[in-house]
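Chains as they are written, first to last, in our numbering: chain A, 1 to 266; chain B, 1 to 252. We put the CB at the ideal spot given by N, CA and C, even for glycine.
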Amino acid sequence: MSVRLSLDNISKTFGDGGEGRGLLALDGISLDVAPHEFLAIVGPSGCGKSTLLRIAAGLMPPSAGRVEEGGRPVTGPPDRFVYLFQQYSKSLFAWRTVLDNVMFPLESAPRAQRAELREQCRSYIRQVGLAGFEDRYPWQLSGGMQQRVAIARALAAKPDVLLLDEPFSAVDALTRMELQSLVLELWQQSGFTAILVTHDVDEAVFLADRVAVLSARPSHISEIVAVDLPRPRDQLTTREDSRFLELRHHLMSALLGRTAHGATHV
Amino acid sequence: MSERVLSRAVGLLSLATVAVLWECAARYGLVNRVLLPPPSAIAAALRDLIADGDVLRPLLHTVYLFVIGYGVACILGIAVGLWMGCSPFADGLLEPLVELLRPIPKSALVPALFLFLGIGMATMVTIIAFAAVFPVLINTYQGVRGIDPVLLETARTFRCSRWTTLRAVILPAAMPAILTGMKVALSLGIVLAILAEMLAGLDGLGFVILDTQRAFQTQQMYAWIAVLAAFGAGLSLLFDKIEQIAVPWRGR
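Structure, rendered in structure tokens:
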């Protein structure tokens with residue numbers, strides 16, 4: 001199996017005063033992500049899921065262990081890794097219109113290409129369903145629409161790996177489902193590798209090829225579950241599939257610290 | 001809308017009342033007309049100043065002085081504030097100096113500056129810039145430090161260079177705070193410009209206000225004060241407009 005991103009024995013200690021008395025958040029996590037895979041990482045809140053994703057994105061160095069992408073060690077944010085933040089409103093540039101926000105990753109391109117790139121950005125904006133809002137400012141849009149802008153901006157960077165840090169947790173339930181379907185559709189069209197961190201088991205099962213379960217702090221991977229649900233997935237039929245419910249039951253019991261009853265082995 | 005009109009009308013009413021009381025007090029000898037002429041006499045003096053174009057030279061002198069001093073203060077304050085906000089080294093290096101100089105009432109330094117720079121433009125511009133630089137610097141610094149880490153990490157994930165991050169993310173994100181500082185600096189700058197002109201005694205609104213007082217031309221003195229007030233109010237209005245255009249997202 002070829003590997004797009006590999007986490008090798010990652011540990012992270014916070015506030016270490018040099019006496020080893022810091023808070024051990026992540027304890028020896030190893031995880032390989034295949035190209036074009038959709039991997040979800042679930043865990044109880046405070047288990048260090050986001051920390052793990054930030055380390056994978058090169059935003060934060062691990063205390064021990066190695067991150068490699070395509071065989072090269074990661075020391076800073078790698079090229080074409082795009083991070084989708086939970087706090088979309090803080091991640092967008094308030095002083096830029098929707099179109100200029102989406103243009104942001106492309107601004108280092110030569111001037112001659114600008115007009116063409118702007119057209120491309122308009123098409124990304126259409127893809128996320130915001131046609132007609134190009135000239136609005138982020139603060140004039142609803143939360144769900146702001147996250148769509150962030151998604152369009154991520155697309156403009158032509159991501160090879162998209163890192164999603166609980167991106168749908170701050171919007172209402174219906175908007176969340178719409179955004180999940182949108183990301184799934186874009187993932188299927190563009191073929192990037194997706195790594196999603198979430199505390200929502202349903203979301204993880206609905207979206208992912210594999211779900212890694214993190215234990216409570218100090219976190220390690222307690223289990224990796226393959227999600228063998230057919231694609232394309234649908235918000236109604238997939239969620240009603242008996243296999244979906246089995247996987248959900250299994251993961252929920254793992255997170256709630258119960259042994260699974262009646263569920264088949266996965 | 002009609003409520004706004006009403007509150008404007010009530011506001012004008014209080015102004016009109018004061019003007020009428022003042023006019024009556026001066027006309028009927030409740031106050032000395034020489035010390036406090038009635039508004040009508042001041043208005044007449046003002047009209048004369050404007051009609052003969054006498055208003056221009058002192059006004060332009062003050063504007064010239066102010067624009068240079070204020071401009072230097074803004075450029076310097078923003079540059080140093082950004083540097084201190086972005087670099088822990090610069091912060092450590094300059095913070096004690098800034099905290100030492102900031103509380104000094106800048107007007108106290110005018111006589112000392114006369115010793116070094118002489119009685120002239122150099123001193124006046126220096127003192128205006130010196131007074132106006134601190135609010136700009138401090139607000140820029142705090143604006144940079146207050147930027148949400150998510151915004152900076154967004155720039156990092158798009159692999160922006162340091163320069164791009166500064167120009168395209170940090171500077172615009174700190175802009176509301178920078179403009180707040182520039183607004184405080186505006187009034188401080190005017191105060192110091194007028195004071196410097198009074199002390200240097202060469203030209204400008206500060207000079208003519210003091211000069212007409214000494215010559216006992218109180219009507220003219222008050223007319224010049226009105227010119228100064230209009231100058232200050234005009235700058236303030238202009239600034240509000242700039243702020244509305246530059247940071248429309250402020251407060252959202």
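If you draw a straight line from the Cα of residue 151 (chain B) to the Cα of residue 153 (chain A), it comes to about 14 Å.
Under the Cβ distance rule, residue 77 (chain A) counts among the residues neighbouring chain B, one pair being separated by less than 8 Å.
Residue burial is scored here from C-beta neighbours: residue 75 (chain B) has fewer than 16 other C-beta atoms within 10 angstroms and is therefore classed as exposed. Only those residues of the region 37-66 of chain A whose C-beta falls short of 7 Å from the nearest C-beta of chain B are listed: 57 and 59.
Under the three-state reduction of DSSP output, residue 73 (chain A) falls in the strand class. In chain order, 148, 149, 150, 151 and 154 make up the part of chain B whose C-beta sits under 9 Å from the C-beta of residue 90 (chain A).
Just measuring C-alpha positions, the residue of B:215, B:222, B:203 and B:142 sitting nearest residue 81 (chain B) is B:142. Annotated as proximal: residue 59 (chain B) and residue 205 (chain B), with beta-carbon spacing under 8 Å. Residue 94 (chain A): not part of any alpha helix (DSSP H); DSSP gives it neither H nor E. When beta bridges are read from the DSSP output, residue 68 (chain A) appears opposite A:6 and A:73. Shown here is that no member of the region 49-72 of chain B has a Cβ falling below 9 Å from a Cβ of chain A. Think of a sphere of 7 Å around the beta carbon of residue 158 (chain B): the chain A residues whose beta carbon falls inside it are 104, 105 and 157, in chain order. C-alpha of residue 20 (chain B) to C-alpha of residue 45 (chain B): approximately 18 Å in a straight line. Separation of the CB atoms of residue 104 (chain B) and residue 192 (chain B) is rounded to 12 Å, and the pair is thereby denied contact status at 8 Å.
Note: residue 214 (chain A) is bridge-paired with A:221 in the DSSP secondary-structure output.
Residue 82 (chain B) sits in a helix when the DSSP states are folded into three classes. Residue 12 (chain A) sits in a strand when the DSSP states are folded into three classes. DSSP, reduced to helix, strand and coil, places residue 241 (chain A) outside both helices and strands of the structure shown, so it counts as coil. When rounded, the separation of the alpha-carbon atoms in residue 70 (chain B) and residue 138 (chain A) is 33 Å.
Scanning its chain for C-beta atoms nearer than 8 Å, with the 5 sequence neighbours on each side dropped, one finds around residue 55 (chain A) the residues 7, 10, 12, 26, 61, 62 and 67, in chain order. When C-alpha distances from residue 44 (chain A) are compared across A:245, A:222 and A:100, the shortest belongs to A:222. Residue environment analysis places residue 229 (chain B) among the exposed positions, since fewer than 16 neighbouring C-beta atoms fall within 10 angstroms of its C-beta.
Only residues of its own chain outside the window of five on either side were considered, and among them 97 and 98 have a CB closer than 7 Å to the CB of residue 136 (chain A), listed in chain order. Distance from the CA of residue 84 (chain A) to the CA of residue 183 (chain B), rounded to the nearest whole angstrom, comes to 36 Å. Put simply, the backbone Cα of residue 81 (chain A) is about 20 Å away from that of residue 89 (chain A). DSSP, reduced to helix, strand and coil, places residue 64 (chain B) within a helical segment of the structure shown. With respect to chain B, the C-beta atom of residue 14 (chain A) has no partner C-beta closer than 8 Å. In this model, residue 224 (chain B) and residue 33 (chain B) are separated by some 17 Å (Cα to Cα).
Judged by their CB atoms, residue 209 (chain A) and residue 93 (chain A) are not nearer to each other than the 8 Å cut-off. Under the Cβ criterion of 8 Å, residue 113 (chain A) is not counted among the residues facing chain B.
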